[in-house]
Every structure is written in structure tokens, then in C-alpha cells.
């Protein structure tokens, strides 16, 4: 699926950029834009040039983001290792067993994956994005340990991911901060609407995931695999 | 409302120090060699960071190209007939499309919309609710699966986008109701 979306995005970008350049060329927009600055810079004055620069710039940004994650990752993975060793994570996992058993039927009880997932969801709810990503990745590593096919996502991983992307945040800190900086009379007005919207998204996502898993399991049972 | 906000602010402030305290105190109590274990765990941080690079490059490059080409405007045009149907101001549509693709991109659109139409206008209210109600799905899929070297994400992205669509539509509905 991702293969097609990725291919589609890049193809559309290139064809659309080229198309609008050709259109602009014949409607002579490009020439006037360039003339007003006194010189022609093909990289900036054509859509196709802008798309190319954007691609190269984004490749650099991706590495910066990944490198930037390393320190925070190390901090949280270190802390999680201590919590795992002491049995703290197991206690945490046991406490939320009634919920997680239903969402993740294939994960053994008090598996470290459950503890990491709970920590990640709690961090997301509080808007602690610095802690949420490392904890989420830790959860993915634990889920990978019990995944029979190492290059393919397991059902449990997808359930976790969908809960994560529709994340219910009690404090949407970024949005509130920007609203406040622009002089809103009531910056935190969005809190309740955002929680309701995110809850609906989570319910729809989890229902969809569980429906798909239900039918896939049935088909598997029918074909006897 | 004010007291709730105060409680939440303090909760967010104290969460991390509390977690660090609880983990270390319990570790010490259980006689875990805390320093050694910390270092052992932290070592993985570097590997994870490096492991996600190819996935992140692939995803961010495609999204950047799509944005630069004006693809968002194109999709907005395609979906425009739907906006009337759910009482969504046409100006907000690019925000809804950008949200799952790019965090910084949607911050840009949101800020722009609030500057042009007013922070406390319906458009400003709706776009910031949208920002607060979902995550950047494409980024999460790339980073989370990338961290464990999973190439086939199966139905994760379509379901993630379906959930986003449900959340964004709800945001439109709720904002119209509350405004």
C-alpha cells in the first residue's frame, strides 16, 4: 500500500510541476516573474526546479531529525532498561491488563511491550512529545521481538500505531501556544473539541483495525494456514 | 476551566521528573545496578536513530516534493465539492490535507489561516482544533516501522488515514456546533 502512495506522490509532483511550468511558459508568466527580478534563476523560477530543491533539502532535514532523536532516545531507553530490570514495567503492564488484553490478544500478559505502549500513550496524552517518540519506538522493538515475520508489520503493531496516530492529547500545547501568540481571547478553547475529535478518530481507527483483523483471521482459519 | 488547565499544566510539568524518580527509586530498592543498566539501554539510542534514516528520507522527500509541486492545492480542488456537504469552509481544506502529511507544514497553514481570518474566527478555531486532534500519520508510520526495519506496513497507513479523516470531519462538525 505504502509503495503505491509513495510512487503516486512523487509521480504526481513531477508531472504536475512539469505541467504547470509548460502552462506558465505559454502564458508567459515565468518570463514576467523573472524579468521583475532582473535575471532568470531556473531553480527558483520553475516549479520543477522548486520540486527538485525541496527533495534535496528534505533529505538533509530527515537526517537532522534522526540525529536529533539520538540523545533523547538514549535517555529514555536507558531509563526504560532500569524499569524493565527492576520489574516496574511488569507492574505497570499488569495494572492495565483488562484493556490491553482486548486490544492486543496475541501479546503475552505482562510482556514489556505492554508497559512501553502504556508509557507512550500516557506521554502522548500529556503532550510530552519528547518522551512519547522514544517510548513508542521502544514499544515497537518489544513488539518486533514477538513478531514472527520480521519485515512485515504484525496486527498488534498496526493496532498500536493507529491508537498512536489518532493520539488523544489532553494538552495540545503547540496549537494553544500559537493561538496565544496571535492574541486569541481564549487560546485553550480548542481543548475539548480536539479531545472529542481525537476520541472519534481513535474509535474509528481501532474499530477498522479490529474488523480487518477479524476477517483476516477468519480467512486464515478457512484456508488452514 | 481555569483550574483544570492549571492541574493539567502542573501534571505535564511534573510527569517526567516523577517518572525518573519512580524508575530510579524502584530500581535502587530492587538492587538493580542502575548506572550500568542505564548505559546498556542508552546504547541502543544511537542504533535506532541511524536505523530510521532511510525511512525518514524516503518519506520526507516524497512529502516535500508533493508540497513544492502544489499537489496540496490540486487535491484541495478535487475534494472541494465535499466541503460544502459537511459545512467546512473551503479555506480550511488545505489544512485538513496537510495535517497527516507534515507537522511543520500544517503549523504553517494554520498560522497563515489565523493571521488572515483572525485567531478567534471559525476558520481559525477549526484549523487549530484540527491541528490539536491528530498526529502526523505519515511521519509516525515512517519512524515507528523504520525503527524496527519493517518494510511492509500492510494496512497501517490506510487505516491511519481513515482515522484521521474521521477525526478531521468530527473537528469540522464540533467546531460548527461550538462556535
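Protein chains in written order, with the numbering used here: chain A, 1 to 225; chain B, 1001 to 1179.
Ideal Cβ positions, reconstructed from N, Cα and C, are used throughout, including at glycine.
{"Check": "Distance cutoff 7 Å, beta carbons only. Does residue 179 (chain A) sit that close to anything in chain B?", "Outcome": "yes"}
{"Check": "Could you tell me whether the Cβ of residue 1154 (chain B) comes closer than 7 Å to any Cβ of chain A?", "Outcome": "yes"}
{"Check": "Shorter than 7 Å from the beta carbon of residue 1017 (chain B) to some beta carbon of chain A?", "Outcome": "no"}
{"Check": "Could you tell me the distance, in whole angstroms, from the CA atom of residue 1053 (chain B) to the CA atom of residue 51 (chain A)?", "Outcome": "21 Å"}
{"Check": "Write down every uninterrupted run of the alpha helix (DSSP H) in the segment 46–107 of chain A whose length is 4 residues or greater and which is fully enclosed by it, in chain order.", "Outcome": "47–86, 88–95 and 97–103"}
{"Check": "In the DSSP assignment, what residue or residues form a beta bridge with residue 152 (chain A)?", "Outcome": "B:1152"}
{"Check": "Listed from N- to C-terminal order along the chain, which residues in the segment 1045–1065 of chain B have their beta-carbon within a distance smaller than 8 Å of any beta-carbon of chain A?", "Outcome": "1045, 1046, 1048, 1049, 1050, 1052, 1053, 1056, 1057, 1058, 1059, 1060, 1061, 1062, 1063, 1064 and 1065"}
{"Check": "Can you check whether the C-beta of residue 73 (chain A) is within less than 7 Å of a C-beta belonging to chain B?", "Outcome": "yes"}
{"Check": "Using the C-alpha atoms, what's the distance from residue 1051 (chain B) back to residue 40 (chain A)?", "Outcome": "41 Å"}
{"Check": "Sorry if obvious, but does the Cβ on residue 216 (chain A) come closer than 6 Å to a heavy atom of the ligand COA?", "Outcome": "You won't find the ligand COA in this model; it holds no ligand whatsoever."}
{"Check": "Taking the alpha-carbon positions, what's the residue 1173 (chain B) to residue 124 (chain A) distance?", "Outcome": "24 Å"}
{"Check": "Is the Cβ of residue 1158 (chain B) closer than 7 Å to any Cβ of chain A?", "Outcome": "yes"}
{"Check": "Under 7 Å, Cβ to Cβ, is there at least one residue of chain B near residue 166 (chain A)?", "Outcome": "yes"}
{"Check": "If the criterion is Cβ atoms closer than 7 Å, does the pair residue 1048 (chain B) and residue 73 (chain A) meet it?", "Outcome": "yes"}
{"Check": "Candidates A:178, A:70, A:218 and A:137: which alpha carbon is nearest residue 1114 (chain B)'s?", "Outcome": "A:178"}
{"Check": "Within 10 angstroms of its Cβ, does residue 1105 (chain B) collect 16 or more other Cβ (buried), or is it exposed?", "Outcome": "buried"}
{"Check": "If you run the structure through DSSP and keep just helix, strand and coil, what is residue 134 (chain A)?", "Outcome": "helix"}
{"Check": "Which stretch, first to last residue, makes up the alpha helix (DSSP H) that contains residue 23 (chain A)?", "Outcome": "2–26"}
{"Check": "Comparing the C-beta of residue 1121 (chain B) with each C-beta of chain A, is any distance below 7 Å?", "Outcome": "no"}
{"Check": "Which same chain residues, not among the five before or five after residue 1079 (chain B), have their C-beta less than 8 Å away from its C-beta?", "Outcome": "1093 and 1097"}
{"Check": "From residue 1146 (chain B) to residue 26 (chain A), what distance separates their C-alpha atoms?", "Outcome": "44 Å"}
{"Check": "At what residues does the alpha helix (DSSP H) containing residue 188 (chain A) begin and finish?", "Outcome": "Element bounds for residue 188 (chain A): n/a, residue is neither H nor E."}
{"Check": "Select from A:71, A:19, A:102 and A:62 the residue whose C-alpha is nearest the C-alpha of residue 46 (chain A).", "Outcome": "A:19"}
{"Check": "For residue 1179 (chain B), name the three-state secondary structure that DSSP assigns.", "Outcome": "coil"}
{"Check": "Helix, strand or coil: how does DSSP classify residue 117 (chain A) here?", "Outcome": "helix"}
{"Check": "Consider the Cβ of residue 99 (chain A): report whether some Cβ of chain B lies at a distance smaller than 7 Å.", "Outcome": "no"}
{"Check": "Using 8 Å as the Cβ pair cut-off and three pairs as the minimum, do the segment 181–200 of chain A and the segment 1121–1139 of chain B touch?", "Outcome": "yes"}
{"Check": "Measure the alpha-carbon distance for residue 5 (chain A) versus residue 1161 (chain B) and round it to whole angstroms.", "Outcome": "12 Å"}
{"Check": "Can you list the residues of chain B that residue 113 (chain A) reaches, using a CB-CB cut of under 8 Å?", "Outcome": "The contacting residues do not exist; residue 113 (chain A) stays about 12 Å from chain B at best."}
{"Check": "Verify the CB distance criterion: does residue 212 (chain A) have a CB-CB separation below 7 Å to chain B?", "Outcome": "yes"}
{"Check": "Restricting to Cα atoms, I'd like to know which of B:1014, B:1122, B:1128 and B:1163 is closest to residue 1108 (chain B).", "Outcome": "B:1128"}
{"Check": "Within this structure, are the beta carbons of residue 13 (chain A) and residue 1071 (chain B) separated by less than 7 Å?", "Outcome": "yes"}
{"Check": "Three or more C-beta pairs under 8 Å: does that hold for the segment 1026–1037 of chain B against the segment 85–96 of chain A?", "Outcome": "yes"}
{"Check": "Below 6 Å CB to CB, which residues in the same chain sit around residue 115 (chain A) once its five sequence neighbours on both sides are set aside?", "Outcome": "89, 92 and 93"}
{"Check": "Taking DSSP as the reference, what is the three-state secondary structure of residue 214 (chain A)?", "Outcome": "helix"}
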